[in-house]
Every structure is written in C-alpha cells, then in structure tokens.
Amino acid sequence: MIKITKKLTVKSSEYVTPNMKRIVFKSDDLKQLSSDQNVFYAKLKVPPLSKSILNKNKVRTYTIRHFDNTTKEMTVDFAVHEPFGPATNWAVKAQVGDEISMMGPGQKKINTTIDGWYLFAADMSALPAALAAIENLPKSATGEAFLEVTSEEDIQKMSKPEGLNIHWLIHKEPRKLSDQQLDSIKKIVIPNLPNVFVAGELNTIRKIKEYLKQNANVVNSNNVYISSYWKIGKSDEEHRRAKASL
Ligand SMILES: Cc1cc2nc3c(=O)[nH]c(=O)nc-3n(C[C@H](O)[C@H](O)[C@H](O)COP(=O)(O)OP(=O)(O)OC[C@H]3O[C@@H](n4cnc5c(N)ncnc54)[C@H](O)[C@@H]3O)c2cc1C
C-alpha cells in the first residue's frame, strides 16, 4: 500500500444502477499510477456523519473499478446501502468538483492472467472488484460466478470469457443474512486447484470459506482470495476488528 495521500476531485457522479453510485475522480496525483490498476483498492478518507472537533475523517476501502491510463481518471463504484455510513453518505451526495483524499493504491487481490478455472462469489460491495477481474480474464478462462445484487435492476452488463458462467442472485435485504451464494457453490463441481475470488459480508464469507476448505483443494492453490468487506450491523471499524478473527 502506497501511503502517500492523494487529493482527488469528483469529475462525474451518476447511478450505474439503482443501488450503485459511480464516481469518476481526476487528479494530478493520479499521474503516477500505471495502467494496470483495475481491481486494486484505495483507502478513501471520508467526512464523519456528524461533524465535531472530536469526529475525525473515517477511512473506508474501495475498489478501483477502472483506471483510465490516458486521462488518468479513476472510477469507483459505491454500493448504496442503509443505514448510510460515512462513505455511502458522502458518495450519495457527491457533486462535480467535490474533493476527497485517498491513500493507496493497495495491491491487486487476484491474479487475472491465469488461463484456468475461476470461482467468483460477490455481493454488491465486492461486485466492482469481481466485474473488474472478470473483464480482465484471458478469453479462454472458464468457471462460475455467483453475483448477488439488491434488485433485478442492479444487474450489470459486462464483457466476459465465453466459458465463464454468470449467475445473478437477488437479495433484496442485504441487512439480513443470505446463504444463496453458498447454496449455489454447493451445487457445482470445483476442479482441483481453482482460482478463487470470494468477497462480501463477513458471516457469509466465513461459511463459504469453511465449505471451500473442506470440499475443494483451495489450500494448495496459490490464486485464492477470500475476504470479508463488511459486517451486518457493524461499522467498518467494528468489522475490521471482527475480521481479524476470520
Ligand atoms: C478491499 C475492499 C474493497 C472494497 N471495495 C468496495 C467497492 O468497490 N464498493 C463498495 O461499495 N464497497 C466496497 N468495500 C466495502 C466497503 O468498504 C464497506 O461496505 C464499508 O463499510 C462502507 O462504509 P460506510 O461508511 O458506507 O458504512 P459503515 O460506516 O462501515 O457502516 C454503516 C452501516 O452500513 C452497513 N454496511 C456497510 N457496508 C454495507 C454493504 N455493502 N451493504 C449493506 N450494508 C452495509 C454496516 O453493517 C453498518 O450497519 C470494499 C472493502 C474492502 C475491504
């Protein structure tokens, strides 16, 4: 993770789907980033929900959905969820010209250059990372992707390898636990040493991780990323403490 703080300005702000707000940032500070920044992540410093001297900016992690190496513009997709946290609140209200600081980028979480079989499982928080990864896969990659969104209207178009099957799952109440991704994974045959990207709500991820450890040879595969991005009912600070025990 590059720790130098970068100042970003909002270039555009629009909804991609009803529950996904896309913000494109521009900044001279982004000139040092290279072309291959998709799926990397950034630490954004967002204002607290209530402003007071005691309330400092909050750090929230977001995926670089797309980095345009020509214009040096960085796209981030924010899942809009309730209750709002500081990041969601900032993103929903963001206007062209607004400023924000970022630390990073941090390293890519999955190697998308391998010509093999992939498993993806992601909710709305990990959808930007999953889609960026899928769009970067070799044409001959194969596999299964389980993508859980809040409504039919949150389904997104993407380019993908022909042999990768996309399964959209609808979970209307993200504040309630969902076993849909796990149940779907249980129905497929996972080949030896799969490439894996699984990310989303902590309780869901914990169950999927357990299942994969017991039923697929993920321990010996060196391209496996299984990580929680948030936790039901907890702020990100609380989530990170709980994650330490994942
Ligand atoms: C490496 C990494 C990459 C990430 N990339 C993205 C990304 O590209 N886009 C993205 O939207 N998120 C992404 N996340 C998740 C994001 O950091 C969290 O969702 C974060 O908690 C949002 O901050 P907040 O201030 O809005 O809410 P918080 O203050 O953290 O939480 C407020 C409330 O909202 C709930 N909540 C938090 N996130 C969600 C959610 N996704 N759905 C439903 N309820 C939620 C909490 O349980 C809590 O009750 C990423 C996380 C990691 C670790």
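Sequential numbering from 57 applies to the sequence shown in this note's numbering.
Each residue gets a CB set at the ideal place from its N, CA and C atoms; glycine is no exception.
All of these numbers come straight from a predicted model, not from anything done at the bench.
Along the chain, where does the alpha helix (DSSP H) containing residue i start, and where does it finish?
i	result
residue 145	142 to 149
residue 260	258 to 271
residue 227	No alpha helix (DSSP H) holds residue 227; DSSP gives it neither H nor E.
residue 2	Summary: the structure shown does not reach residue 2, with the chain confined to residues 57 through 302, and so no result is reported for it.
Would you mind stating whether residue i and residue j have Cβ atoms separated by less than 7 Å?
i	j	result
residue 150	residue 68	no
residue 200	residue 175	yes
residue 146	residue 102	yes
residue 100	residue 158	yes
residue 72	residue 152	no
residue 137	residue 230	yes
residue 181	residue 256	yes
residue 193	residue 217	yes
residue 63	residue 83	yes
Got a sec, what are the start and stop residues for the beta strand (DSSP E) residue i sits in?
i	result
residue 161	155 to 162
residue 63	61 to 73
residue 283	280 to 286
Say the cut is 6 Å; is the CB of residue i nearer than that to a heavy atom of ligand 1?
i	result
residue 97	yes
residue 116	yes
residue 247	no
residue 230	yes
residue 139	yes
residue 281	no
residue 202	no
residue 184	yes
residue 90	no
residue 289	yes
residue 285	yes
residue 292	yes
residue 142	yes
residue 119	yes
In chain order, which beta strand (DSSP E) runs of at least 3 residues are fully inside the region 78 to 139?
-> 97 to 102, 114 to 119, 122 to 124, 129 to 135
Would you check if there are 3 or more beta carbon pairs closer than 8 Å linking the region 271 to 283 to the region 159 to 169?
-> Because the criterion of three Cβ pairs below 8 Å is met, the region 271 to 283 and the region 159 to 169 touch.
Are there three or more Cβ pairs, one per stretch, closer than 8 Å when the region 215 to 225 is compared with the region 246 to 258?
-> Contact between the region 215 to 225 and the region 246 to 258 is absent, with fewer than three C-beta pairs closer than 8 Å.
Cβ contact (3+ pairs, closer than 8 Å) linking the region 237 to 247 and the region 206 to 219 | no
Do three or more CB pairs link the region 130 to 145 to the region 107 to 122 at distances below 8 Å?
-> yes
Output the residue ranges of the beta strand (DSSP E) runs that lie fully inside the region 174 to 259 and measure 3 residues or longer, sorted by chain position.
-> 198 to 205, 219 to 226, 251 to 257
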